[in-house]
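Visitor: Here you go, one structure.
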Amino acid sequence: MTGSLRETLARAVPRRSPSPPPPAAATLFDEALLGRLRQMSLLSGQIRTEGIVGEHRSRRRGSSPEFADFKSYSQGDDFRRIDWNTYARLGGLFVRLSEVTTELGVHVLLDASDSMDWRGDPNAPTKFDYGRRLAGALGYLALWHFDRLMVTPFGDALGHGFGPAQGRSHAVPMLRTLERMAPLGGTALVDAVDRYLHARRRPGVLLLITDLLAGEPDDLRASLRDARARGWQVALLHVLDEAEVAPVFAGAYLGAGADQPGGAVELIEAETGRRLLLSPTDGLLERYGEAVAAWLDGAEAVCADEGAIYVRLLTSWPLDEVVLRTLREAGVVG
Amino acid sequence: MSLLLPAGLAALLALPVIVLLHMRHTSPRPKPVPALRFWLAARPEQTQQTRLRRPPFSLLLLLLLLAAAALALALARPAVAGALGALGIDLQTEPRHLIVLLDGSTSMAAQGEAAGRTRYEEARADALARLAALSDGDVATVLLLGTRTATLSATDAAGFGQLRERLAATPLPGGRADLDAALGLGRDLLLPGRENEVVVLSDGAFAVDPATVGALGAPVEFRRFGGASGDANAAVVSVTARAGGEGGGSLYARLANFGPEPLTAPVLLLADGIEAGRQEVTLPAAGGTVELAWPLPPGASDATVVLEVADAFAADNRADLPLAAGDLSLRILLVSDVPSPLARVLAAIEGARLTVEPGERLNDPAGLGNHDLMVLEGVAPVPGVLDELRMPLLIVAPPDGGPLPTDGVMVEPEIERLRSGDPLLAGVDLSGVTFGESPVIAAAAGQQEVVGAAEGPLVLRMTVAGEPAVVLAFDPSVSNLPRRVAFPILIANAVAELAPAPLPETVALGDPLRVQPRAGTAAVEIAPPTGDPVALAFDAADESGSPREALFAGTGLPGSYGVVERDGAGAETGGGRFVVNAGHPRESDLRPTPGLAETLAAAEGSTFGPAGGPGAAHLWPLLALAALALLVVEWLVWLLPRRRLSPVGAASSRSGSGSGFGFGSIRGGR
Chain P
15 MTGSLRETLA RAVPRRSPSP PPPAAATLFD EALLGRLRQM SLLSGQIRTE GIVGEHRSRR
75 RGSSPEFADF KSYSQGDDFR RIDWNTYARL GGLFVRLSEV TTELGVHVLL DASDSMDWRG
135 DPNAPTKFDY GRRLAGALGY LALWHFDRLM VTPFGDALGH GFGPAQGRSH AVPMLRTLER
195 MAPLGGTALV DAVDRYLHAR RRPGVLLLIT DLLAGEPDDL RASLRDARAR GWQVALLHVL
255 DEAEVAPVFA GAYLGAGADQ PGGAVELIEA ETGRRLLLSP TDGLLERYGE AVAAWLDGAE
315 AVCADEGAIY VRLLTSWPLD EVVLRTLREA GVVG
Chain E
43 MSLLLPAGLA ALLALPVIVL LHMRHTSPRP KPVPALRFWL AARPEQTQQT RLRRPPFSLL
103 LLLLLLAAAA LALALARPAV AGALGALGID LQTEPRHLIV LLDGSTSMAA QGEAAGRTRY
163 EEARADALAR LAALSDGDVA TVLLLGTRTA TLSATDAAGF GQLRERLAAT PLPGGRADLD
223 AALGLGRDLL LPGRENEVVV LSDGAFAVDP ATVGALGAPV EFRRFGGASG DANAAVVSVT
283 ARAGGEGGGS LYARLANFGP EPLTAPVLLL ADGIEAGRQE VTLPAAGGTV ELAWPLPPGA
343 SDATVVLEVA DAFAADNRAD LPLAAGDLSL RILLVSDVPS PLARVLAAIE GARLTVEPGE
403 RLNDPAGLGN HDLMVLEGVA PVPGVLDELR MPLLIVAPPD GGPLPTDGVM VEPEIERLRS
463 GDPLLAGVDL SGVTFGESPV IAAAAGQQEV VGAAEGPLVL RMTVAGEPAV VLAFDPSVSN
523 LPRRVAFPIL IANAVAELAP APLPETVALG DPLRVQPRAG TAAVEIAPPT GDPVALAFDA
583 ADESGSPREA LFAGTGLPGS YGVVERDGAG AETGGGRFVV NAGHPRESDL RPTPGLAETL
643 AAAEGSTFGP AGGPGAAHLW PLLALAALAL LVVEWLVWLL PRRRLSPVGA ASSRSGSGSG
703 FGFGSIRGGR
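Residue numbers (the working numbering), protein chains in the order written: chain P, 15 to 348; chain E, 43 to 712.
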């Protein structure tokens with residue numbers, strides 16, 4: 015999903031339960047969500063699929079039972095594929111063409127930095143939890159459709175993840191791997207993306223789940239351009255918390271509404287531990303909102319320029335409804 | 043509007059304190075955030091490390107300041123005069139206790155604002171109006187200030203009516219008012235649990251101690267009643283006479299002018315109502331006095347001094363003086379065979395009538411018993427006479443063989459002992475006095491030596507025949523004491539100790555009269571110029587010999603007072619009169635005391651303005667309610683954004699309408 019911050023925040027979402035979230039292992043996935051995921055598939059777009067195991071339709075024609083088209087027989091064609099019924103009716107030799115299904119390489123890069131391990135509302139999941147659930151959903155989707163899946167966390171460097179794996183039998187191990195994942199500390203987003211892409215010979219779909227709180231959006235421009243040149247389809251799934259993008263929620267999180275600019279707060283940056291003393295005021299929150307909006311617009315513009323799909327997701331949105339619908343609208347799943 | 047407790051305004055100091063508290067950086071609350079970059083970009087340029095910051099003026103702070111200001115004003119207990127009552131708003135929340143200090147001093151008899159009405163009548167009408175405004179549950183106390191303070195009170199509607207009727211019928215008590223004493227009494231009368239109000243209705247011509255006002259503990263409203271013609275007044279403030287041999291003596295008068303301008307007016311002397319003298323006098327302004335002296339015509343029994351001037355207070359423009367005091371003067375019997383300086387001294391005592399009898403007269407004492415004091419000079423009564431006459435004795439130079447046993451003589455006695463502080467010796471200087479040959483009085487029980495020589499007493503007091511006696515053991519004719527001023531003083535002291543004080547011719551306005559009845563008197567009736575006589579009862583003389591006396595304080599009305607003495611059977615034994623003149627150095631000065639209003643205003647919670655009074659409405663309940671309302675609004679203003687900002691509330695709003703978060707800059711959406 016793309017669009018302005020206002021549109022993002024204004025998206026209608028169902029009411030979230032005020033009760034605190036249960037343990038992550040129990041809530042990452044449930045059968046209802048998995049059932050909905052089985053009805054979807056990842057869209058490969060212009061990605062060149064390979065192999066013969068997957069379920070993605072290919073331009074290659076082969077001998078599978080899936081009929082695709084007829085063509086006139088020419089020398090060299092397998093005469094076993096001549097459709098004799100057609101010859102009986104029309105008197106010409108036609109070869110029956112079949113559709114070949116291929117597999118898709120799905121690469122999930124999950125930002126596991128400390129900045130992801132944060133939430134502005136104790137009743138909401140952290141961005142990292144939300145990212146793990148999102149990665150699990152998309153990974154399950156890939157495995158269900160026999161795509162080749164790799165899930166890799168990254169912080170300062172690439173971490174140990176899951177895969178490559180293919181086949182539905184790997185769904186549970188994949189989910190358990192996600193459940194065991196822990197934040198890795200700092201963030202080196204561009205470096206992680208570059209290292210990952212250069213380590214892969216065959217392009218695929220790169221699902222980058224991150225909060226982008228590492229450097230400027232422009233820093234990612236070269237990596238996205240390189241990925242596109244190398245045949246990758248990149249979808250940047252930007253995970254955000256309301257309290258970090260909306261001034262009113264930010265003010266509420268800091269404990270000072272716009273009409274009560276009294277209390278000083280000391281902000282502590284999650285990854286670096288840096289501190290900043292300030293007093294939230296109307297003006298400060300307004301300027302904060304403007305800075306965030308500019309940053310989001312920049313990220314969206316970079317993705318648009320480099321042909322990457324940009325989807326902005328708030329952790330307050332339920333995964334099973336809003337997110338999957340949003341991903342479908344954005345063309346990530348179909 | 044007036045403030046009953048101006049000190050409450052000190053609570054306004056809370057306003058800058060609140061602002062300072064809002065300017066102070068509180069201890070920062072640590073808050074982890076995913077990144078500082080946006081906060082750094084949004085942070086203003088100024089440093090956040092200062093201890094104080096710019097006042098963060100906001101709606102919350104404004105509401106808080108307004109609430110604090112309203113509370114501070116409520117503490118000051120503002121009141122307005124009936125303005126809210128006219129709107130039908132009754133803010134009187136506590137039962138009232140109205141204490142009216144009504145000035146009934148003589149000066150209140152001066153001309154008031156309205157023609158034909160005195161200041162007292164106008165002040166009394168004001169008091170009646172205030173009493174009429176009271177309702178059930180209130181308490182009213184009226185202190186009528188005169189020489190004596192009368193207290194009237196009522197606690198219910200019927201009592202208020204009776205109190206008004208009684209007060210309306212009460213004439214001016216007159217005399218000199220003591221506002222300090224009245225305020226002290228008012229302080230004792232304050233009732234807990236009620237809204238005490240003290241109202242002073244006066245012409246303001248008296249002083250008050252700020253300490254008394256400060257200790258009162260209730261607000262004081264002072265309303266002054268002046269005259270339409272101002273406060274200029276002239277008076278005859280003092281008059282007295284001195285007898286002068288065969289002639290009528292002399293009369294002395296002191297006149298004073300309390301007006302702002304010098305006054306020239308004729309002054310008349312009337313002797314028994316006939317003009318005996320007239321002269322034009324010019325009285326200096328602002329309290330200036332002039333003393334006049336006239337010869338009195340022989341045989342006059344009354345003298346009157348009249349200042350012919352029209353001013354605010356006519357009653358003090360004349361002063362009467364009775365020249366014949368009646369039969370209540372001090373009757374002294376001198377028994378002496380040799381005329382001596384002692385007779386002249388006794389005759390000079392004020393108010394005394396001296397009778398001189400030879401020593402042999404004591405052989406037949408019939409007719410001598412109606413005296414107040416017997417002086418025996420060198421004579422010795424036959425035994426039993428003193429028991430028959432029974433009157434105090436002054437024994438001078440007692441002869442040998444008299445009632446006092448002697449034990450030889452002192453040839454040249456010199457003073458060796460002297461009773462210090464004895465009233466007989468008050469003002470008496472005995473240095474250098476020689477006494478000549480004197481008998482030695484034998485010691486006896488009950489003797490008290492006042493002055494003594496080596497051989498025996500020279501002056502002593504004792505009891506003779508059951509009556510008090512003072513003995514001068516020396517013979518004045520051989521002593522140099524009669525040639526000294528100490529002698530008449532010593533004799534006067536002895537007479538004052540032994541005999542009752544004579545009735546004075548005049549008594550200053552408001553001054554209490556000390557009445558000492560003669561022996562055998564059981565009661566004294568004093569008839570004031572108006573009203574019923576006042577009876578003063580006396581017990582029989584006790585063994586100590588101390589004089590019996592009573593105080594008559596009802597001297598507030600100018601005029602002639604009749605005095606009648608009665609014995610135990612009620613029979614009249616004597617009579618006389620004295621005069622109280624309206625002219626008085628203080629009461630004739632109608633000018634208000636400078637600073638009186640300010641002093642009274644310093645009382646706690648004082649004071650209502652001229653429009654204040656019983657109808658005043660108290661605003662503090664309204665202000666307290668306003669402060670409470672402001673605090674509630676401030677709380678709502680503080681709370682509402684937080685409820686809207688809370689994540690749960692936000693999710694609710696989104697799920698309900700699908701129209702976004704509904705706030706400020708991010709309002710909108712699909």
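Even glycine gets a Cβ: it sits at the ideal position worked out from N, Cα and C. None of the values given here were measured: they were computed from a predicted structure.
1. Spell out the partners DSSP gives K73 (chain E) in its beta bridges.
2. With a threshold of 8 Å between beta-carbons, can V674 (chain E) be considered close to chain P, or not?
3. Report yes if the C-beta distance between L268 (chain P) and W246 (chain P) is below 8 Å; otherwise report no.
4. Between the alpha carbons of L540 (chain E) and P570 (chain E), how many angstroms are there, rounded?
5. Measure the C-alpha to C-alpha separation of P634 (chain E) and A247 (chain E) and round it to an integer number of angstroms.
6. Hey, would you say the C-beta of T254 (chain E) is under 7 Å away from at least one heavy atom of the ligand ADP?
7. What did DSSP end up calling N405 (chain E) once you bin it into helix, strand or coil?
8. Anything in chain E within Cβ reach of D225 (chain P), meaning under 9 Å, just list it in chain order.
9. In this structure, what does DSSP give as the bridge partners for M504 (chain E)?
10. My output table needs one value for F516 (chain E): the three-state DSSP class, helix, strand or coil.
11. R288 (chain P) versus chain E: which residues are under 9 Å apart at the beta carbon?
12. Mapping the DSSP letters down to three states, classify A243 (chain P) as helix, strand or coil.
13. Say whether chain C places a C-beta atom closer than 8 Å to the C-beta of W677 (chain E).
14. Hey, V309 (chain E) and L349 (chain E) are a contact pair by Cβ (cut 8 Å); roughly how many whole angstroms apart?
15. Along chain P, in chain order, which residues have C-beta atoms closer than 9 Å to that of L62 (chain E)?
16. Which residue wins for smallest C-alpha separation from R632 (chain E), given the options E:P337, E:A192, E:E164 and E:A277?
17. Let me know the beta strand (DSSP E) ranges lying completely inside the stretch 232 to 320 of chain E, each 3 residues or longer, listed in chain order.
18. Tell me the DSSP secondary structure of W336 (chain E) in three-state form.
19. Please state whether DSSP places F99 (chain E) in a helix, a strand or coil.
20. Starting from the beta carbon of E258 (chain P), find every residue of chain E whose beta carbon is closer than 9 Å, and list them in chain order.
21. For a quick check, are the C-beta atoms of A307 (chain E) and Q153 (chain E) less than 8 Å apart?
22. Could you give the distance in angstroms between the alpha-carbon of P542 (chain E) and the alpha-carbon of Q558 (chain E)?
23. What's the call for N99 (chain P), buried or exposed, on a 16-neighbour Cβ count within 10 Å?
24. Count the other CB atoms, across all protein chains shown, that sit within 10 Å of the CB of S19 (chain E); report buried if there are 16 or more and exposed otherwise.
25. Are the beta-carbon atoms of G134 (chain P) and D296 (chain P) separated by less than 8 Å?
26. Check whether the Cβ of G181 (chain P) lies closer than 8 Å to any Cβ atom in chain E.
27. Answer with yes or no whether the minimum CB distance from G269 (chain P) to chain E is below 8 Å.
28. Identify which residue in E:L545, E:G601 and E:S195 has its Cα closest to the Cα of E207 (chain E).
29. Alpha carbon to alpha carbon, how far is L55 (chain E) from P197 (chain P)? Give it in angstroms, no decimals.
30. What is the DSSP secondary structure of A569 (chain E), counted as helix, strand or coil?
31. Return the first residue and the last residue of the beta strand (DSSP E) that D449 (chain E) is part of.
32. Applying the 10 Å Cβ sphere with the 16-neighbour rule, what's the burial state of P652 (chain E)?
33. Quick one: what does DSSP say G259 (chain P) is sitting in, helix, strand or coil?
34. Can you tell me the Cα-Cα spacing of M504 (chain E) and E491 (chain E), whole angstroms?
35. For A327 (chain E) and P364 (chain E), which I take to be in contact (beta-carbon distance under 8 Å), what is that distance rounded to the nearest angstrom?
36. For a quick check, are the C-beta atoms of R236 (chain E) and E280 (chain P) less than 8 Å apart?
Guide: Let me spell this out:
1. Locating residue 73 (chain E) in the second sequence gives position 31, counting from the first residue. In the DSSP output, where bridge partners are listed per residue, K73 (chain E) has P:L281.
2. Indexing the second sequence from 1 puts residue 674 (chain E) at position 632. Not an interface residue.
3. Here the question's residue 268 (chain P) lines up with position 254 in the first sequence. Here the question's residue 246 (chain P) lines up with position 232 in the first sequence. No, Cβ-Cβ distance for L268 (chain P) and W246 (chain P) is not below 8 Å.
4. Here the question's residue 540 (chain E) lines up with position 498 in the second sequence. Here the question's residue 570 (chain E) lines up with position 528 in the second sequence. Roughly 29 Å separates the two Cα atoms.
5. On the second sequence, residue 634 (chain E) is found 592 positions in, with the first residue counted as 1. On the second sequence, residue 247 (chain E) is found 205 positions in, with the first residue counted as 1. It is roughly 4 Å from the alpha-carbon of P634 (chain E) to the alpha-carbon of A247 (chain E).
6. As far as ligands go, the structure on display features none, and thus does not contain the ligand ADP.
7. As a working note, residue 405 (chain E) is residue 363 in the second sequence. In the structure shown, the three-state DSSP call for N405 (chain E) is helix.
8. Looking up residue 225 (chain P) in the first sequence gives position 211. Those within 9 Å of D225 (chain P) in chain E are P76 and A77.
9. Position 462 of the second sequence, counting from 1, holds the residue named residue 504 (chain E). Answer is E:A511.
10. Within the second sequence, numbered from 1, the residue matching residue 516 (chain E) stands at position 474. Correct three-state label for F516 (chain E): coil.
11. Counted from its first residue, the first sequence places residue 288 (chain P) at position 274. Ordered by position in chain E, the residues that pass the 9 Å Cβ test against R288 (chain P) are L78.
12. The residue you call residue 243 (chain P) lines up with position 229 of the first sequence. A243 (chain P): helix per DSSP, three-state reduction.
13. Annotation note: the requested chain C is absent from the structure, which comprises protein chains P and E.
14. For the purposes of this step, residue 309 (chain E) is identified with residue 267 of the second sequence, where counting begins at 1. For the purposes of this step, residue 349 (chain E) is identified with residue 307 of the second sequence, where counting begins at 1. With 8 Å as the limit, V309 (chain E) and L349 (chain E) qualify as a contact, their Cβ atoms being about 5 Å apart.
15. One-based indexing of the second sequence puts residue 62 (chain E) at position 20. The contacting residues do not exist; L62 (chain E) stays about 13 Å from chain P at best.
16. Translated into positions along the second sequence, residue 632 (chain E) becomes position 590. Reading off the sequence shown, one finds Leu at residue 632 (chain E), where the question assumed Arg. The option with the nearest alpha carbon to L632 (chain E) is E:A277.
17. Listed in chain order, the beta strand (DSSP E) elements of length 3 or more contained wholly in the stretch 232 to 320 of chain E are 237 to 244, 262 to 266, 276 to 284, 292 to 299 and 305 to 313.
18. Taking the first residue of the second sequence as 1, we reach residue 336 (chain E) at position 294. W336 (chain E) falls in the strand class under three-state DSSP.
19. Numbered from 1 along the second sequence, position 57 holds the residue referred to as residue 99 (chain E). F99 (chain E): coil per DSSP, three-state reduction.
20. On the first sequence, residue 258 (chain P) is found 244 positions in, with the first residue counted as 1. Simply V75, P76, A77 and F80.
21. By one-based count along the second sequence, residue 307 (chain E) stands at place 265. By one-based count along the second sequence, residue 153 (chain E) stands at place 111. No. Outside cutoff.
22. To locate residue 542 (chain E), count along the second sequence from 1; it is residue 500. To locate residue 558 (chain E), count along the second sequence from 1; it is residue 516. C-alpha separation (whole angstroms): 5 Å.
23. Residue mapping note: residue 99 (chain P) aligns to position 85 of the first sequence, counting from 1. By the neighbour-count criterion, in which 16 or more other beta carbons inside 10 Å mark a residue as buried, N99 (chain P) falls on the exposed side.
24. Residue 19 (chain E) falls outside the range modelled here, since chain E spans only 43 to 712, and no answer is possible.
25. Numbered from its first residue, the first sequence carries residue 134 (chain P) at position 120. Numbered from its first residue, the first sequence carries residue 296 (chain P) at position 282. The beta carbons of G134 (chain P) and D296 (chain P) sit no closer together than 8 Å.
26. Translated into the one-based positions of the first sequence, residue 181 (chain P) becomes position 167. Not an interface residue.
27. By 1-based counting over the first sequence, the position of residue 269 (chain P) is 255. At a cut-off of 8 Å between beta carbons, G269 (chain P) contacts chain E.
28. Position 165 of the second sequence, counted from the start, is the residue given in the question as residue 207 (chain E). Closest option to E207 (chain E), Cα to Cα, is E:S195.
29. Here residue 197 (chain P) refers to the residue found at position 183 when the first sequence is read from its first residue. Here residue 55 (chain E) refers to the residue found at position 13 when the second sequence is read from its first residue. Taking the CA atoms as reference points, P197 (chain P) sits about 54 Å from L55 (chain E).
30. Within the second sequence, the letter at position 527 stands for residue 569 (chain E). When secondary structure is reduced to three states using DSSP, A569 (chain E) falls in the strand class.
31. Translated into the one-based positions of the second sequence, residue 449 (chain E) becomes position 407. First-last of the beta strand (DSSP E) with D449 (chain E): T448 to M452.
32. Mapped onto the second sequence, residue 652 (chain E) falls at position 610. Low per-residue confidence applies at P652 (chain E): pLDDT is 40, beneath 50, and the placement is therefore not dependable, though the value from the model is reported in the following sentence. Exposed is the label assigned to P652 (chain E), since fewer than 16 other Cβ atoms lie within 10 Å of its Cβ.
33. Start at 1 with the first residue of the first sequence, and residue 259 (chain P) comes out as number 245. One detail in the question is off: residue 259 (chain P) reads as Val in this sequence, not Gly. Three-state result, V259 (chain P): helix.
34. What you label residue 504 (chain E) is simply residue 462 of the second sequence in a count that begins at 1. What you label residue 491 (chain E) is simply residue 449 of the second sequence in a count that begins at 1. Straight-line spacing of the CA atoms in M504 (chain E) and E491 (chain E) works out to 9 Å.
35. For the purposes of this step, residue 327 (chain E) is identified with residue 285 of the second sequence, where counting begins at 1. For the purposes of this step, residue 364 (chain E) is identified with residue 322 of the second sequence, where counting begins at 1. Contact flag wrong, Cβ pair sits at about 32 Å.
36. Within the second sequence, numbered from 1, the residue matching residue 236 (chain E) stands at position 194. Within the first sequence, numbered from 1, the residue matching residue 280 (chain P) stands at position 266. Contact flag unset, no.
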